[in-house]
Amino acid sequence: MMSDSTNVQSPGRTMSESVVADALLRHISAAKGRVITTQFSSNINRLGSVKAAADLTGRKLVFSGMSLRTYLDAAWKDGKSPIDPSTLVKVEDIDAYAPKDLLIMTTGSQAEPRAALNLASYGSSHALKLTKEDVLLYSAKIIPGNESRVMDMLNRISEIGSTIVMGKKECLHTSGHGYRGELEEVLRIVRPQHFLPIHGELLFLKEHELLGKSTGIQHTAVIMNGEMLGVSHLRNRKVLSNGFIALGKENLQLKYSDGDKAFGSSSELFIDERLRIALDGIIVVR
């Protein structure tokens, strides 16, 4: 068994998404003007909660940001989308509606350079112009390492005069990673013969391993990227009763896919150079 270690140091259990849905509805109902939300685009359940709040408050839903539509379209094709893409108002048409009739979902909770909310904070978005009457609901967590740029973005939005609603007490976000109590419960229910903590800093992996041992699991291990372990006999494939077998280590290299044109390393595809061009532009002199 392998298990996510991200929140192993967070005691208790995660807050339910239903609590977040109630909080979103409460804040959206209280807003007098336009409401803007930002969240992780991959959280389809959260998108559904925002959609439900829009329906209950009589607001039209708008997507601003490519990744929102990408995830929605994927969910729609799989039959699991809470939103019919054809019902969305195009972001370029928002001026045709009264602010009180709009609920705009944006990308950019982590202040990504080209994301919709970050561009709007600079006044660089052609479609989304923030005003002091807007209410921004920050329905996400600031990922460690992004604190500085996210706060810079929020400061720019505050300078515009928009109201920002965020923080633990507002109940606008809950983690998608299980807390310690939930991780322990899964370990006790499954009672695996072999346990491998994954997904997290080395500190978290080792803490999760200790948690596994505390539940009575005998065979646990912490490995790094590229390391390989075996849990069954190489010949008869019977599960090993005495732990893991080390099978060596592979030298892993990051590979990038350039659409359907190329596949290779960063240097082979000139990734660094292309990132600089994307941010700074290019001048061609003939």
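Residue numbers (full-length UniProt numbering): 1 to 286.
Glycine included, C-beta positions come from ideal geometry on N, C-alpha and C.
Which of helix, strand or coil does DSSP assign to residue i?
| i | result |
| --- | --- |
| Glu133 | coil |
| Met66 | helix |
| His219 | strand |
| Ser121 | helix |
| Ile271 | helix |
| Ala127 | coil |
| Glu227 | strand |
| Ser16 | coil |
| Val91 | helix |
| Leu252 | coil |
| Ser214 | helix |
| Ala262 | strand |
| Ala246 | strand |
| Ile282 | coil |
Please name the residue in the options whose C-alpha comes closest to that of residue i.
| i | options | result |
| --- | --- | --- |
| Lys141 | Lys129, Ser158, Ala115 and Leu172 | Leu172 |
| Ile271 | Val285, Val284, Ile283 and Leu254 | Leu254 |
| Leu247 | Met228, Leu183 and Gly200 | Met228 |
| Ala278 | Leu137, Arg114, His194 and Gly216 | Arg114 |
| Glu159 | Glu185, Arg191 and Ala120 | Ala120 |
| Val50 | Leu136, Met2 and Glu112 | Leu136 |
| Lys249 | Tyr256, Met224, Ala74 and Ser232 | Met224 |
| Ala116 | Ser42, Asp258, Met153 and Ile143 | Met153 |
| Glu92 | Leu102, Asp84 and Ile83 | Leu102 |
| Thr57 | Ile44, Ser29 and Tyr122 | Ser29 |
| Arg59 | Asn155, Asp78 and Ile104 | Ile104 |
| residue 296 | Leu202, Asn251, Asp55 and Ile44 | There is simply no residue 296 to check, as the chain begins at 1 and stops at 286 in what is shown. |
| Trp76 | Gln9, Tyr97, Asn45 and Ile94 | Asn45 |
| Pro85 | Leu72, Ala96 and Gly123 | Leu72 |
| Ser81 | Arg69, Gly281 and Ile164 | Arg69 |
| Ala111 | Val150, His219, Ile143 and Ser266 | Val150 |
| Gly123 | Asn43, Asn146 and Ile157 | Ile157 |
| Ser41 | Ala74, Ala23 and Asp55 | Ala74 |
| Ala52 | Gly79, Ile83, Gln39 and Gly230 | Ile83 |
| Gly12 | His219, Leu211, Glu182 and Leu275 | Glu182 |
| Gly48 | Ile283, Asn118, Ser139 and Glu273 | Ser139 |
| Glu201 | Ser265, Asn155, Val186 and Pro144 | Pro144 |
| Asn146 | Glu184, Asp22, Asn118 and Arg286 | Asn118 |
Between residue i and residue j, which are expected to be in contact by the criterion C-beta below 8 Å, what is the C-beta distance as a whole number of angstroms?
| i | j | result |
| --- | --- | --- |
| Lys100 | Lys32 | 7 Å |
| Arg34 | Glu133 | 7 Å |
| His199 | Thr14 | Actually they are not in contact, since the Cβ atoms of His199 and Thr14 sit about 15 Å apart, beyond 8 Å. |
| Val8 | Leu275 | Wrong, their Cβ atoms sit about 33 Å apart, outside the cutoff. |
| Val190 | Met1 | 6 Å |
| Gly108 | Thr38 | 6 Å |
| Val231 | Ser3 | At roughly 15 Å, the Cβ-Cβ gap does not stay under 8 Å, so Val231 and Ser3 are not in contact. |
| Leu269 | Asp258 | 6 Å |
Report yes or no: is there a C-beta of chain B within less than 8 Å of the C-beta of residue i?
| i | result |
| --- | --- |
| Thr220 | Given the protein chain composition of this structure (a single chain), no chain B is represented. |
The segment 177 to 184 contacting the segment 63 to 80, beta-carbon criterion three pairs below 8 Å: The segment 177 to 184 makes no contact with the segment 63 to 80: fewer than 3 CB pairs, one atom from each, lie closer than 8 Å.
In chain order, each alpha helix (DSSP H) run of at least 4 residues that lies wholly inside the segment 133 to 203: 147 to 160 and 180 to 190
Contact the segment 242 to 261 vs the segment 204 to 216: 3+ CB pairs below 8 Å: no
At least 3 beta-carbon pairs within less than 8 Å: the segment 9 to 18 vs the segment 116 to 135: no
Ordered list of beta strand (DSSP E) runs contained in the segment 18 to 85, each at least 3 residues: Qualifying beta strand (DSSP E) stretches, in chain order: 35 to 38 and 60 to 64.
Three-pair Cβ contact test at 8 Å for the segment 183 to 202 versus the segment 215 to 228: yes
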